[in-house]
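Enquirer: Quick one: the structure is below, and I'll ask about it shortly.
Protein chains: 4
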Amino acid sequence: MSEIKKIGVFTSGGDSPGMNAAIRAVVRSALYYNLEVVGIRRGYEGMILGEFIPMDRKSVGNIIQRGGTVLRTARSPEFRTKEGRQEAYKQLKAQNIDALVAIGGDGTFTGAKIFGEEFDFPILGLPGTIDNDLFGTDFTIGYDTSINNVVEAIDRIRDTAESHSRLFVVEVMGRDCGLIALRSGIGVGAESIFIPETKTDMEAVMHRLEIGRQDKMSKILIVAEGEGESGGAMEISEKLKKRFPHYDIRVSILGHIQRGGKPTCMDRVLASRLGVAAVESLMEGRRNEMVGLLNGKIAFTPFDHAIKHHVEINKDLFKIVDILSL
Amino acid sequence: MSEIKKIGVFTSGGDSPGMNAAIRAVVRSALYYNLEVVGIRRGYEGMILGEFIPMDRKSVGNIIQRGGTVLRTARSPEFRTKEGRQEAYKQLKAQNIDALVAIGGDGTFTGAKIFGEEFDFPILGLPGTIDNDLFGTDFTIGYDTSINNVVEAIDRIRDTAESHSRLFVVEVMGRDCGLIALRSGIGVGAESIFIPETKTDMEAVMHRLEIGRQDKMSKILIVAEGEGESGGAMEISEKLKKRFPHYDIRVSILGHIQRGGKPTCMDRVLASRLGVAAVESLMEGRRNEMVGLLNGKIAFTPFDHAIKHHVEINKDLFKIVDILSL
Amino acid sequence: MSEIKKIGVFTSGGDSPGMNAAIRAVVRSALYYNLEVVGIRRGYEGMILGEFIPMDRKSVGNIIQRGGTVLRTARSPEFRTKEGRQEAYKQLKAQNIDALVAIGGDGTFTGAKIFGEEFDFPILGLPGTIDNDLFGTDFTIGYDTSINNVVEAIDRIRDTAESHSRLFVVEVMGRDCGLIALRSGIGVGAESIFIPETKTDMEAVMHRLEIGRQDKMSKILIVAEGEGESGGAMEISEKLKKRFPHYDIRVSILGHIQRGGKPTCMDRVLASRLGVAAVESLMEGRRNEMVGLLNGKIAFTPFDHAIKHHVEINKDLFKIVDILSL
Amino acid sequence: MSEIKKIGVFTSGGDSPGMNAAIRAVVRSALYYNLEVVGIRRGYEGMILGEFIPMDRKSVGNIIQRGGTVLRTARSPEFRTKEGRQEAYKQLKAQNIDALVAIGGDGTFTGAKIFGEEFDFPILGLPGTIDNDLFGTDFTIGYDTSINNVVEAIDRIRDTAESHSRLFVVEVMGRDCGLIALRSGIGVGAESIFIPETKTDMEAVMHRLEIGRQDKMSKILIVAEGEGESGGAMEISEKLKKRFPHYDIRVSILGHIQRGGKPTCMDRVLASRLGVAAVESLMEGRRNEMVGLLNGKIAFTPFDHAIKHHVEINKDLFKIVDILSL
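Okay, here's the thing in structure tokens:
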């Protein structure tokens, strides 16, 4: 295959903490191996519009600790069209970019797969999303930070809940995936956790709350935002208020604070390892795969595998919630 | 007047970070001056029900760093009635408690004033509330921590806003008072701040956003929760979405994370100084006043003064928002 | 084997963040399975002296977020003697404790193994140490929090280093083990990392610093405290000062801030999973093993295996340091 | 006087958190009032070498939350000489800079005063230093953040101290000034605080420790780095070890983590208010003064007054340490 001389790197989809560390790793690795490297602003949208920015060692100095992404991100309806992708390809060729590293989630990889096959273009992906729902990596870049953001926020809520003997229903991110809710729920000693993957027995939840009420102590219920069955945080709190009219019940929607802020050490190290591996692997001729870390080792998973397979929820984790909150 | 021998201390109203540091200061000061000291759980409610807990040096060991209040707090409709207060007085007498330190906000002081006058009972108050709306103290215990909680949360939101070029409308606490919104707004470089005390010119806000849009950069608007004029965070965001259909606009309701968590150094020191002063002042015969810190010096303000006077919003601070966000 | 009815739990060796979450998990699991559970203060020392404290659900309420250990820890020279252990055994029998969960590191497990064999006493261990140097678990309870503590501290140092174009030599914990230095070093973009497991080429380090000096930018060198070859942080900084007299070089010994503070989500979840598994496994008849998590699954490793085998340093991680700091 | 058209801004001396917020405020205010504004890198050194960088709105976008200073800082022996200052003046004139805002501490103001008088050059100063030892402002920019950094670090040390019943002697910054030690000492419930301004009675300290030892609880002693009388943290710990051979005593030198990291809300707001005031005041013709905040109001103090007068230590604060730690 042709030798890689110039790599383009971009971030796409929802931002996640650690994306900057990944960009830095890709840029510094490329320079280490004497390749040129170009940053593409605002994901596929910027690729189509030709928003390229040359990157050197200094461009990524000190961004390892910063949340968000310095290359920005954006939705791109145009990239879903053949014309849009054709334009993107033209722009890349005009820049002599001969390989891409795409940092994002399932939406990003869907586009990458199509583009890579359409134009026979070498492209590897790094799992940059807070959702941890990609197959082929134990953790995605940003997941560890976001569960810690949730835990920090709920530690604060716990203080006020304890002071007032309140029950808080807290909604966390996780559109189709309850992993953030589950892990952070264990981390804060939540009473119950509602996630999309399982049907929660509302009666059992009510019953346990009834027993626990004598204590007059605080209680935290976690609800993943994509959880539709029981109706989301607001509806769940309404049902609880009806059943327990004398219980002080509040709702907290954590929202976007979950995404931002400094990445944790694990996210920085993961991003760094994957970024280096991506560049080395492109040089070795790999393409159309997501680079991940499985059991501590670098692993490659074809894009469609990474997206299509659901990550199994660990049933043991659920049992732990029950045991530890009784 | 009779010599004080046994002090009761309690927290009441919404919890605020630093209340524990204040409890600790009252308890340790009382012991230092060879007085007995008793904690009363759950505010006036607990006083009526006789929920007393003897306090010693160890009871308050290491609570200086903890958010919330170890003595809890609760609403007390009963205390608003003469019978309720009569019962409370009986309970205090049964315990030989001859003076009280009440840590809370305006609701707490309203009750304290009535009770203190009704039974000729020595009671002093410490300003424990995140709202900073009490007259007679530059800062209330908990205000500094909450504005920092807001700033930390919005620093995170800023990361994701920057990555997506989004506009965020963030609602912060401050039922009748825009002080949290104002100070934290300056601290995060907010575009505009909507508070109850002033009427915000929505047209001017729209206009400035229009000018700024070319940049495609992030923007933060802060809305105090009690701000009714423009309709609260949700309504404001709706108006903005109508005017700027292509602008990515999100809402974030910070909620209860603002109250909790470790108190800042300032709140710990303020709570400590006021706690010591309260005990010393009760011993000197002072009563029916809030102990505060004005211009770095301990100051005493009769309860009704502390509550009734509105804290002036510093117009200069508003001008700074405009200057620095252009 | 005899049925377990009453479990004793203790923490021993250096404290590590997450120990409280582990204690909580052991206590709540025991209660869930209708066993009695007793806390033993101050490790083996307290066992000998009979410092037992009955534990119930409330004893461990809200300790999941707290650093340190509520059961304390202490050195115990007496436990190294046969008489001391005999006394400990007597105390356990007097309490009808028929199984133990020991939370600590290699020192703890050494004592546990000897005791367990000597008295045919069921005892399982949880890896509570910041060093991550136990065989049989990917991570120890406390490791993730301490590398994040290091990263936070160095993020701060980086701000001041950048402002002054300084070189900082930072010493981190890790008596025999460079894992904290290595991971946190990647996480902060360190120039070089000195660890006990490898011999660092001082000349190469000097050379790279020379090249980088033109930039006038900040540099961070990480030194694990047990690193003897190059002389520790102080000596290394002296050598650098001799070679680069015009370079502003400072030393920072991070010390004990690395151990404390709130455990991260990962440490809380790990501690919770292992605590539950320990109780369930004691009930199933397992003994004399450390319970760990390997590749996401609960794993059991005999005590001596857990201690004696060195954890291999991942050479890839070292290469990453070089690539990303050039 | 001549109308100001172009302002130069720089940071000098030790960096302090909030300097970036101050730079931002100066730049944005200048632009708001239609002045040009230029950043000068690396303080007086950069002024002499002509290291100017034009600043616009975007230059300071999002730096309000960042520690350190984007304009860097450096020592300048040359500026102490008449030739050096002559060269600096030449450079300013070549750039048509007609006024300066100097952000720093006493060293910075000493140079500013001399320069301003020598060349009749309008220059105002902002108090950017963690030491809070300038006369004319209740707080300096960076003081609040550094005492919070200290408090956070010691909260961590407290966890490990509690677990092991240890005594920690912690050294904090404050070369000539014990204010950081005093306020943070109260904030962490320290036993004793050693500062340069007062002579600490070592015997009394030893005596109180003796009484407290039965508890076997943790103790924290704070020592300001400039405290020479008792010998600094190391010497103090040696004396204590001799007196209490069975007491587990450790030393922690906090070092440079105290300076860095995100500024608190107070420091950001202070920096913003003073930055705006500096520009407005230069336009009104003020010069050779430090702009500060006293009792919530903008205040102007001639440079030599700001430096020469010692800030009185508040004796009450000392008494509080004793009362609350008994």
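Chains as they are written, first to last, in the UniProt record's numbering: chain H, 1 to 326; chain A, 1 to 326; chain X, 1 to 326; chain B, 1 to 326. Built from N, CA and C at the ideal position, the CB exists for glycine as well.
Could you check how far apart the C-beta atoms of X/Met206 and X/Ser165 are, in whole angstroms? I think they sit under 8 Å.
Expert: So it is not a contact: roughly 18 Å between Cβ atoms.
Enquirer: Can you list the residues of chain A that H/Ile253 reaches, using a CB-CB cut of under 8 Å?
Expert: What H/Ile253 touches in chain A: Ile253, Gly255.
Enquirer: Assuming A/Ile195 and A/Val321 form a contact by the criterion Cβ under 8 Å, report the distance between their Cβ atoms to the nearest whole angstrom.
Expert: So it is not a contact: roughly 11 Å between Cβ atoms.
Enquirer: Alpha carbon to alpha carbon, what distance is there between B/Met47 and B/Ile40?
Expert: When rounded, the distance between both Cα atoms is 6 Å.
Enquirer: How many Å lie between residue 328 of chain X and X/Ser230 at the Cα?
Expert: Shown here, chain X extends from 1 to 326; a query on residue 328 of chain X therefore has no answer.
Enquirer: Spell out whether any CB of chain A is found under 8 Å from the CB atom of H/Asp120.
Expert: No, H/Asp120 does not count as interfacial toward chain A.
Enquirer: Less than 8 Å separating the beta-carbons of X/Val38 and X/Pro17?
Expert: No; because the gap between Cβ atoms is not below 8 Å, this pair is not in contact.
Enquirer: Going by other Cβ atoms of all chains shown within 10 Å of its Cβ, with 16 needed for buried, is X/Glu83 buried or exposed?
Expert: Exposed: under 16 other Cβ atoms inside 10 Å.
Enquirer: Could you check what DSSP says for A/Lys242 in three-state terms: helix, strand or coil?
Expert: Reduced to three states, the DSSP call for A/Lys242 is helix.
Enquirer: Taking C-beta pairs closer than 7 Å, name the residues in chain H that X/Gln91 reaches, listed in chain order.
Expert: Here the premise fails: no neighbours, minimum Cβ distance about 28 Å.
Enquirer: Which value, in whole angstroms, describes the spacing of the CA atoms of B/Gly260 and X/Val251?
Expert: If I take the Cα positions, the gap works out to 15 Å.
Enquirer: Just checking: is the beta-carbon of A/Asn288 within a distance shorter than 8 Å of some beta-carbon in chain H?
Expert: Not an interface residue.
Enquirer: So, helix, strand or coil for B/Glu36, using DSSP?
Expert: Strand.
Enquirer: Please check if any C-beta of chain X sits within less than 8 Å of the C-beta of B/Glu162.
Expert: Cβ-Cβ to chain X under 8 Å: yes for B/Glu162.
Enquirer: Among residues of its own chain, excluding the 5 on either side of A/Thr301, which ones have a beta-carbon nearer than 7 Å to its beta-carbon?
Expert: Around A/Thr301: Phe135, Gly136, Glu289, Met290, Gly292.
Enquirer: What are the residues of the segment 55 to 78 of chain B that lie near chain X, defined by any Cβ-Cβ distance shorter than 8 Å?
Expert: Result list: Arg66, Gly67, Gly68, Thr69, Arg72, Thr73, Ala74.
Enquirer: Output, in sequence order along the chain, the residues in the segment 187 to 219 of chain B whose CB is closer than 9 Å to any CB in chain A.
Expert: Flagged, chain order: Gly187, Val188, Gly189, Asp215, Met217, Ser218.
Enquirer: Starting from the Cα of B/Ile183, find the closest Cα among A/Gln91, A/Met202, A/Arg273 and give me that residue.
Expert: Going by the sequence as given, residue 183 of chain B is Arg instead of Ile. The option with the nearest alpha carbon to B/Arg183 is A/Arg273.
Enquirer: Note down the Cα distance separating H/Thr264 from B/Gly13, rounded to an integer number of angstroms.
Expert: The straight-line gap from Cα to Cα measures roughly 31 Å.
Enquirer: Please state whether DSSP places H/Ala190 in a helix, a strand or coil.
Expert: H/Ala190: coil per DSSP, three-state reduction.
Enquirer: Just verifying my parser: in three-state terms, what is the DSSP assignment at B/Ala102?
Expert: Strand, per DSSP.
Enquirer: If the criterion is Cβ atoms closer than 8 Å, does the pair H/Gly189 and H/Ser325 meet it?
Expert: Yes; because the gap between Cβ atoms is below 8 Å, this pair is in contact.
Enquirer: So that I know if they touch, is there some Cβ in chain H lying closer than 8 Å to that of A/Ser184?
Expert: False, the Cβ-Cβ gap to chain H never drops below 8 Å.
Enquirer: Start and end of the beta strand (DSSP E) containing X/Gly84?
Expert: Element bounds for X/Gly84: not the beta strand (DSSP E) but the alpha helix (DSSP H), 82 to 94.
Enquirer: Do the segment 83 to 97 of chain H and the segment 116 to 129 of chain H touch if we need at least three Cβ pairs shorter than 8 Å?
Expert: Verdict: yes, contact present.
Enquirer: Straight-line CA distance for X/Ser192 to X/Ile313?
Expert: Each residue's Cα considered, the two are about 16 Å apart.
Enquirer: With respect to the beta strand (DSSP E) encompassing H/Ser252, which residues constitute its N-terminal and C-terminal limits?
Expert: Its beta strand (DSSP E) spans residues 249 to 253.
Enquirer: So, with DSSP's three-state summary, where would you put X/Gly116?
Expert: Looking at X/Gly116 - three-state DSSP - the assignment turns out to be helix.
Enquirer: Taking any Cβ of chain B, which residues in the segment 133 to 150 of chain A have a Cβ under 8 Å from it, in chain order?
Expert: Cβ contacts with chain B come from Asp138, Asp144, Ile147, Asn148, Val150.
Enquirer: For B/Pro245, tell me which candidate among B/Leu124, B/Arg175, B/Asp56, B/Leu167 has the shortest Cα-Cα distance.
Expert: Measuring from the Cα of B/Pro245, the nearest candidate turns out to be B/Leu167.
Enquirer: Classify residue 328 of chain A as helix, strand or coil using the three-state DSSP reduction.
Expert: An answer regarding residue 328 of chain A cannot be provided, because it is not within the stretch 1 to 326 covered by chain A.
Enquirer: Between X/Met1 and chain B, is any beta-carbon pair separated by less than 8 Å?
Expert: With a pLDDT of 49 at X/Met1, under the threshold of 50, the modelled position of that residue is not reliable, and the figure given next carries that caveat. For X/Met1, the answer is no, since every Cβ of chain B falls outside 8 Å of its Cβ.
Enquirer: Would you report the Cα separation of X/Ser163 and B/Leu124, rounded to the nearest angstrom?
Expert: Answer to the nearest angstrom: the Cα atoms are 22 Å apart.
Enquirer: Reducing DSSP to helix, strand and coil, say where H/Ile53 ends up.
Expert: H/Ile53: strand per DSSP, three-state reduction.
Enquirer: Three-state secondary structure (DSSP) at A/Glu203?
Expert: In this structure, A/Glu203 counts as helix in the three-state DSSP scheme.
Enquirer: On the CB-based measure, 16 or more other CB atoms within 10 Å of its CB, does H/Ala30 come out buried or exposed?
Expert: Per the 10 Å Cβ criterion, buried.
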